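Undergrad:
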Amino acid sequence: MSNENETHTGVFAVGFLVGGLAGAATTLLLAPQSGEETREQIRQKALELQGRTEDVLNEARTKAETVATDIKRQAEALQAQAHVVLEEGQKQLTKAVEETKKAAAAASAGTAAEPETEIVEKPKEIPAKA
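Each residue of the sequence shown is one higher than the one before, counting from 2 in the numbering used here.
Written out as structure tokens, the structure reads:
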């Protein structure tokens, strides 16, 4: 039994010594820095943060420009489609007015006039783009 106690004591002593050395090394590594070193570290972190901020800002600006360009392109396409629909509607209205005038003139003259053209269907709706 005496040997067993000595073994346990030896293991405890080695563990205590290794733990003490690990603690000392940790203390040396984590010891406070001088004021100058701390200021330099803060300066470096600030420069790094400034660089990251500029990168994020540039990326956001690029995305915003891309979205604005896409929206402008879609607005121009919708405007062109609306212009075409408006022109078609104006042509149909002009034809309907002319036919109405002819029909009114024929009715006042006492003869019924047949319309020259049929009523054209309603203009197409412009599909909404997402």
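We put the CB at the ideal spot given by N, CA and C, even for glycine.
What you are looking at is a predicted structure, and each value in this text was computed from that prediction instead of being measured.
Could you check the C-alpha separation between ALA76 and ALA105 for me, to the nearest Å?
TA: In a straight line, the C-alpha of ALA76 is about 42 angstroms away from that of ALA105.
Undergrad: In three-state terms, what does DSSP make of GLY24?
TA: Helix.
Undergrad: For THR101 and VAL86, I'd like the C-alpha separation in whole angstroms.
TA: Distance between the alpha carbons of THR101 and VAL86 is about 22 angstroms.
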